[in-house]
Amino acid sequence: MSNTSESAMRRRSTLTEQTTPKLRPKAKTSRFAARARFYMKFVSRLRLHHTIFAALLIVWSLGSSTLQAQSASSSPFVAKYCLDCHDHQTKSGGLNFEDLSGKADSIESLARWVQMHDRVAVREMPPKDEAQPTDDERKSFLAELARQLTAEDAKRKGTVLRRLNRSEYENTLRDLLDVRVEVKELLPEDGRSHGFDNIGEALGISSVQMKRYLEAARIAIDQACPGSPRPKAERKTYSLADGGPQGKPGAVGKDWLALDDGTVVIFNDGMLESSKPVLRSFTASQTGWYRIRFNAAAYQSDQPIYFAVYIGAKRDQIVHSFHEASVGQPKPIDITAWLSNGDTLQLIPTGPDRFPYNVHGRVAKLGGIEKFDGRGLAIHPIDIEGPIVETWPSRGQTLLFGRLDASNDAPKNKAKPNAKGQSLPYRFRSSQPAIDSRRLLRSFAEAAFRRGRLSDNRLEPYFALFDAEFKKSADFDNAMRTAALAVLCAPEFLYLEETPGRLTSYPLASRLAYFLTRSSPDEPLLIAADKSTLSDSASLRRETERLLQSDSIERFIADFTDAWLNLREIDATTPDGRIYPEFDPHLKHSMVAETRAFFGELLRSNLPISNIVRSDFAMLDERMARHYGIAGVKGTHLRKVSLPSDVQRGGIMTQASILKVSANGTSTSPVLRGIWVQERILGFHPPPPPPGVPGLEPDIRGAKTIREQLDKHRTLENCRNCHANIDPPGFALESFDVIGGLRSKYRVGIGEAKALAPWDRQKHFQDGPPVDPSGQLADGRSFRDFRELQTLLLTQRESVVKCLVEKLCMFATGRAMGFSDRPEIDRLVAASMQNGEGVRDLIHLIVQSDIFRNK
Amino acid sequence: MNRYSKWTPLRRRTVLRGLGTTIALPWLDAMSPVCVKAASPNAPQRAVFLDAGLGIHMPFFLPAQVGSDYEPTPYLKLIQDFRNDFTVVSGLSHKDQFGADGHASHSTWLTAARHPGKPGFKNSLSIDQLIAERIGSQTRFPSLVLSGSTLSLSWTAGGVQIPAERSPAKLFQQLFMEGSAQQLADQREQLQRGRSVLDTVLGEADKLQRRIGPRDREKLDEYFTAVRELETSLTLGEEWTHKPKPKVDAQPPKELPGNDTIGRTKQMYELIALALQTDSSRVVTFNTASGGTPPITGVADEWHNLSHHGKDPTKIEQLKLIEVEQFHALRHFFGKLKDFREQGRPLLDTTTVLFGSNLGNASAHSTDNLPILLAGGGFKHGRHIAHDATNNAPLCNLFVAVAQKTGIEVDRFAQSTSSGIVDLT
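The listed protein sequences correspond, in order, to chains A and B.
Every position in the first sequence, counted from 1, becomes a number in the numbering used here once 1 is added.
Every position in the second sequence, counted from 1, becomes a number in the numbering used here once 256 is added.
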């Protein structure tokens, strides 16, 4: 007898035993009722999705001793109250519990069990118009199911052997070797889960990665251990007016004024290839840190002028930093930057208002650049010193080669220096290779493996590799590098090894370090781990506090906000230049800096989590302040600014970076922004649209607003229920355009489709239909604009706190939160809310929690 | 003198030993003592997958009529010279491509994994890698994974993205530029060194395995597999260092400005054609360069923005200018494959080119009704084959047909169903 007919029979027998007169046979269930339940399913899935998704990643295979043996339909409760609609015929909402394995042996079936639990728990199921279980029935069903789900989840939830992701890998190599290796781009992009790229389960490995690890480690070792004498820093002074291999800058006398002392005044915005303010006379001859010093002044201007320093090879330069040239006394600029061989710099005036594309037309008419009276950026001669080496030899070389001598004489078995006279690389020599190799490989591997002292037994394979290589070539240097390569490709280096249950000292130290510094534990943390004091709460708290105060915390802020808020997508679209002419690199740079600084401020000053929804301050520089329409903020540094009451800003959702990553370059979508808010701020994960429902195609011709289109879309029964939850925050955020500017009317592009020259600064848009930021939440509360929505959301503070707790726990442990984590998460939420919701306190709460301290 | 001098044929046993497995090697050019390619039923078949990640404006692409008498649309007009070498197959898609963002289906175009980027998502083997697994060992490069951006189309069975080569210049170097004797020796030394390292770490992983729990062990198994596969690939790589790279007349491609995405696509097409002609690889994926503001007269806006035209005619007009260039490039590529003859036949006849996009209506990020154009490979062409536009057929069915064409035995892939694509033979 097949399962289906078996369960069907069982159901029939349940029905005959059923005494509740309300229960209708299925044949009578009207199509309408079935559809209504279908829609209700989506509504309730919305509320519950956060719990479902949390369980999704867990590889689940319940043993037959737990839950129901064959099929969910074997459960009396399910048979009695669920199968009427969720059987293979009706499949209400696409759910067929006859199909649902009692073993919950797949991600889907696990999610369904949790879903079933949650919906029965909040009394959304069975539907109100169907037979209801008694309170006792419901309670005992839930208690039993929860007990089993908790037990199963607890058994399996531990963080799975977690590979370092590529940022962690690069950070770790940099910290281990104390050289700035650039290997991240060599490695394939990491798998993501819930937006995070440090979740063990999602971090696969393949031969492709392995190959790149070999390559990256070789580069890193060679860069760290050159063996050569300390490089001498060169120091010279350069002028923008000087020529280079590409000849003299053609802009002198046309768009730039060159003064006798080597100062150059730039009048143009540097967009035209031939008049880019590139320092032609300088290219870095060695890769390393350089100190760059010069004076900058505003010229013929009564206000300071801002400019960007770009760094890179001539064609491929990226913004390094923004600076201010002062009025009157020139302002000294002092930059330390990492330059690769062949890099140079470029200095581009960016504001306060845009500079002209070129001025040479007017200059020609005036009869000379001296007569030009526009404002300019005066760059005095530029003093460049480098490469600057702080520690020589690097930590990596000291670990691997100690104080051994290196020389670049040709070894016997190698070719002589070639005809071009290039010198051979330095190679280390040892007079007692057997002893030195043991000693040094030990120091290198112990530093790399983050586990303190290693036994000879653990190190034996690396010694053996050294011996084999040395035997082949008698080349000590090469054999050492090969053994070191093996250390950096070993699973102990590439993975974070944790034993089940309570974490012991070293794994706990690693977990803490990778959480807050995104790298291996530093010396003090390893010492604490070695003394085994880390497992006591006070010491753990002390170490956490120390890391929170270290510079490396910036790595945490950047990586966490990249994933949590999706800041990593800031470059995904470039706003339409015709409609958003005010978007510039400075604005983009400051946007990201603002959001990071904001989260950093919450963390440093231990401010309440509710600031995520609304704050009375923002972290701004002048560019951002201008964008937000806030007066009185001068200069290019970010600072805490109290927000005037008439400014519609404050909180994370009104930050330009967020408004940009949640829009495309041309139009905003309340749906996308709504989902952004639900998933990242409120912790709800809306289900995907049902199959076959097409996405909304934006129509920006101005005839219809997105709102109007969406209203039409929302009248479709299929969409309405979910979108009643998704869209409202997005409606309120319609007050902000794709670059986060405040708007009351949509901008509509005008004009022919003709090429816009980069210097075309004319407005190519006009005002379109007015923005309507009002809406109604699914619970019926309505709002007129985003500020009112903020007030409403503040009554849901618990959701906001819980969302942040879950995201931080996930990021900190490298695993998705499961069913059995619920009580601990609830405890953390309550503890945070009882103690003022401080973000810094929350980090401590999490680090002390069972979730963090267990595998 | 090295026993693998360039005139000495590779010994079949040598290769097999290098592989460490018993993969059949039916048709390895290096094994024929003289470079005469006899017409053979085993003549190599190739597969090329080309994704236009920002979509194709469907009204300019999809013919209104079905069958062989279709009226060419503006884009198809541009490749009319090859009308009998390609087929437009409409009404295809993967199910459940709603992902983390509008462009997430990019990563699943060749894998058909569901809900890309959503919680619990793990990508799966891409069709090109399935083919490469079976036939890849016969060429210097088991597959070429190319891209005009950072995104690659190719994924391992474990769901790891295979990094794509983005630089035409570097690709040229890998394909055709022979290192000096010293460089080759160094390269071999590095390969041997790599193998010694892998030997050591395998031993370490073995010990680690005994210390950890069952779920961790599954993860560590991935590591084992990765290391073993790399050992094989390093061994094969070392064998290939003993065989000279093919000589071509072409010059190394020049570096183009960052925004010249179409220019880079053209360069890549040239190199793909050369790679196929020289039998350097038989499996290619190329995520055609997109984005930026291509230097085309009349185009002022970013390609991505234009793809979200929101029905704005001025944007559609610019988008068309770009996509026309895209089809010009494709035409040129088809021409290269058509003109080159192998055993008297056009290379295009033994090369299946699947050109299309992971987005149907890119302006709405829809993933249904994908634009798909199948060319070459000896299929019956010259038609527009339409599948149900409301209830799409699986694109995987077409993948299976393409894979079968390469001579491998496969009857299922990801979302494929038993009923095939309508009548391709």
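All residues carry an ideal CB built from backbone N, CA and C; glycine is no exception.
Since the structure is predicted, the reported quantities are computational estimates derived from the model, not experimental observations.
Excluding residues up to 5 positions away in sequence, G196, F197 lie with their Cβ nearer than 6 Å to the Cβ of A564 (chain A) in the same chain. Fully enclosed beta strand (DSSP E) runs of no fewer than 3 residues occupy 257-259, 265-267, 289-300, 306-314, 317-326 of the segment 250-337 of chain A, in order along the chain. The DSSP-derived three-state label of K592 (chain B) is helix. Under the 8 Å criterion on CB atoms, M211 (chain A) is classed as interfacial with respect to chain B. Contact annotation, R390 (chain B) with I664 (chain B): C-beta distance approximately 4 Å; criterion of less than 8 Å satisfied. In terms of Cβ geometry, N97 (chain A) and D85 (chain A) do not form a close pair [threshold 8 Å].
S207 (chain A) belongs to the set of residues whose beta carbon lies under 8 Å from a beta carbon in chain B. For N458 (chain A), the enclosing alpha helix (DSSP H) begins and ends at 457-474. For the options A:V279, A:L526, A:K532, the alpha carbon positioned closest to that of E546 (chain A) is the one of A:L526.
Remark: fewer than three beta-carbon pairs, one from each stretch, lie closer than 8 Å, so the segment 665-678 of chain A and the segment 623-632 of chain A are not flagged as touching.
The criterion of a C-beta distance shorter than 8 Å is not satisfied by R281 (chain A) and D384 (chain A). Less than 8 Å divides the Cβ of N199 (chain A) from the Cβ of N166 (chain A). By the Cβ neighbour-count rule, N612 (chain A) is buried, with 16 or more other Cβ atoms within 10 Å of its own. Across the segment 400-431 of chain B, CB contacts with chain A closer than 7 Å involve T412, G414, G415, V416, Q417, I418, P419, in sequence order along the chain. Beta-carbon to beta-carbon, L348 (chain B) and L626 (chain B) are separated by about 6 Å, close enough to satisfy the 8 Å threshold. Runs of the beta strand (DSSP E) spanning 3 or more residues and lying entirely within the segment 307-379 of chain B occur at 342-346, in chain order. With a contact defined as Cβ atoms closer than 8 Å, D822 (chain A) and I844 (chain A) miss out at about 17 Å. Counting along the chain, L402 (chain B) sits inside the beta strand (DSSP E) bounded by residues 400-403. Secondary structure of Y515 (chain A) (DSSP, three-state): helix. Three or more pairs of CB atoms, one per stretch, sit closer than 8 Å, so the segment 395-413 of chain A contacts the segment 177-187 of chain A.
Cβ contact annotation for A155 (chain A) (same chain, cutoff 6 Å, sequence separation greater than five): S821, in chain order. Nearest C-alpha to V840 (chain A) among A:D786, A:R721, A:L549: A:L549. Non-local beta-carbon contacts of F635 (chain B) in its own chain, meaning distances under 6 Å to residues more than five positions away in sequence, involve L680 in chain order. Residues of chain B with a Cβ closer than 9 Å to the Cβ of Y463 (chain A) are, in chain order, T456, E460.
Nearest in C-alpha terms to A320 (chain B), of all of B:N614, B:L651, B:R639, B:A659, is B:R639. L486 (chain B) and Y479 (chain B) have their C-alpha atoms some 10 Å from each other.
Around N515 (chain B), no beta-carbon contact reaches into chain A at under 9 Å, the shortest distance being about 11 Å. Under the Cβ criterion (8 Å, minimum of three pairs), the segment 488-502 of chain B does not count as touching the segment 515-534 of chain A.
Taking the Cα of C723 (chain A) as reference, the smallest distance to any Cα among A:G387, A:A252, A:P688, A:G244 is reached at A:P688.
Burial check for R124 (chain A): the Cβ neighbour count within 10 Å stays below 16, so the residue is exposed. Using a Cβ-Cβ cut-off of 8 Å, D568 (chain B) counts as an interface residue toward chain A, since at least one Cβ of chain A sits closer than that to its own.
Bounds of the beta strand (DSSP E) holding L629 (chain B) are 628-632. Here DSSP, grouped into helix, strand and coil, assigns E665 (chain B) to coil.
Shown here for D644 (chain B): same chain residues with a beta carbon closer than 7 Å to its own, the five before and five after excluded, namely G347 in chain order. For P372 (chain B) and W257 (chain A), the gap between their C-alpha atoms comes out near 51 Å. In the structure shown, V749 (chain A) falls within a strand segment according to DSSP collapsed to helix, strand and coil.
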